[in-house]
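Engineer:
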Amino acid sequence: MSGRPLDVLEESLSEPVTVHLKDGAAFYGTLSGYDQHMNVVLDGADASDAVLGELDVEEVDNTTIIRGDNVVSVTL
0 MSGRPLDVLE ESLSEPVTVH LKDGAAFYGT LSGYDQHMNV VLDGADASDA
50 VLGELDVEEV DNTTIIRGDN VVSVTL
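In numbering that gives the first Met the number 0, the protein residues as written are 0 to 75.
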């Protein structure tokens with residue numbers, strides 16, 4: 000799997016991923032959506048070492064929305 004970052008995300012929809020944030024927290028879940036700003040939507044997300052403080056992360060009905068400004072990397 001190689002290519003532009005958004006192409007890789009497109010190929011990874013419905014796959015388990017880990018999203019690493021700039022504060023050191025990581026979220027593991029199923030990638031259910033993204034946009035051109037790297038905002039990502041995870042279903043069934045589980046936070047590890049997450050002391051989120053001021054970061055823009057919202058959880059609704061076991062779905063986590065992470066603002067792209069906070070994303071450092073997405074691991075497949």
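Each residue gets a CB set at the ideal place from its N, CA and C atoms; glycine is no exception.
Can you check DSSP and say which residues form a bridge with residue 72?
Structural biologist: If you number the sequence shown from 1, residue 72 lands on position 73. DSSP, once it has assigned bridges, lists 19 as partnering residue 72.
Engineer: Would you say residue 41 and residue 7 are within 8 Å of each other, going by their C-beta atoms?
Structural biologist: Stepping through the sequence shown from its first residue, residue 41 is reached at position 42. Stepping through the sequence shown from its first residue, residue 7 is reached at position 8. Their beta carbons are not under 8 Å apart, which means residue 41 does not touch residue 7 by this criterion.
Engineer: Run the proximity test for residue 11: is its beta-carbon closer than 7 Å to any non-hydrogen atom belonging to the ligand GDP?
Structural biologist: Among the ligands in the structure shown, none appear at all, so the ligand GDP cannot be discussed.
Engineer: Would you kindly report the start and end of the unbroken alpha helix (DSSP H) that includes residue 5?
Structural biologist: Here the question's residue 5 lines up with position 6 in the sequence shown. Run containing residue 5: 4 to 10, per the alpha helix (DSSP H) assignment.
Engineer: Roughly how many angstroms lie between the CA atoms of residue 30 and residue 62, to the nearest whole one?
Structural biologist: As a first step, residue 30 must be located in the sequence shown, where it is residue number 31. As a first step, residue 62 must be located in the sequence shown, where it is residue number 63. The straight-line gap from Cα to Cα measures roughly 10 Å.
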